[in-house]
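In case it helps, mature numbering (1 follows the signal peptide of the UniProt record, and there is no 0) puts the sequence shown at residues -18 to -1, 1 to 115. Here the structure comes first, spelled out in structure tokens, and everything after it is commentary.
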Amino acid sequence: MRIVVSLLAALFLTPAVAADRQKETLPSGVGIEHVSAGSGPHPKASNVVKVHYRGTLENGSEFDSSYKRNAPATFPLSQVIPCWTEGVQRIQVGGKAKLTCPAKTAYGSRGVPGTIPPNSTLTFEVELLAIEK
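Here it is, written out as structure tokens:
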């Protein structure tokens, strides 16, 4: 009986948890699903940010991960793919979000030889750790 109650609770509580995730689509087509809210400020395009991230192709295969390297990435937000420049500005420090990047906001028709095929939609799980500058 406990198993049945647990399963029913899981079924009914799961949609409520999923509904808490705020989703938005920017005019560029970049999709943002806020996984967990942060409590710090939002960065500006002119800021240098420190993030942990995981990048995957449409088929789910991972092409890059700062988590696997055990080293967060630090970079000027204005010097990355447009999807990141736009999307990371919507995340508060301490927050996590899933960015869906249409090809035109990522690597476009050129792709990244040997890593990202041309015209690929990419997904990034991004955790904003800090605004450095």
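Glycine included, C-beta positions come from ideal geometry on N, C-alpha and C.
Counting only runs of 3 or more residues that sit fully inside the segment 36 to 83, the beta strand (DSSP E) segments are 44 to 47, 55 to 58, 78 to 83, in chain order. Annotation for Tyr35: Ser48, Phe106, Val108 place their beta carbon closer than 6 Å to its own, counting only its chain and skipping 5 residues before and after. Boundaries of the beta strand (DSSP E) harbouring Val108: 104 to 113, taken from the DSSP string. If you draw a straight line from the Cα of Gly96 to the Cα of Ala85, it is about 16 Å long.
Note that the C-beta distance between Ser10 and Pro58 is not below 8 Å. Here Thr87 is not near Val31, since their CB atoms are 8 Å or more apart. Residue pairing by DSSP leaves Val12 without any beta bridge partner. Taking Gly42 as reference, the option from Ala112, Ile98, Gln74, Leu111 with the minimal CA-CA separation is Ile98.
Approximately 5 Å separates the beta-carbon atoms of His16 and Ala79; this is inside 8 Å, confirming the contact. In this structure, Ile73 places its C-beta atom within 8 Å of the C-beta atom of Leu110.
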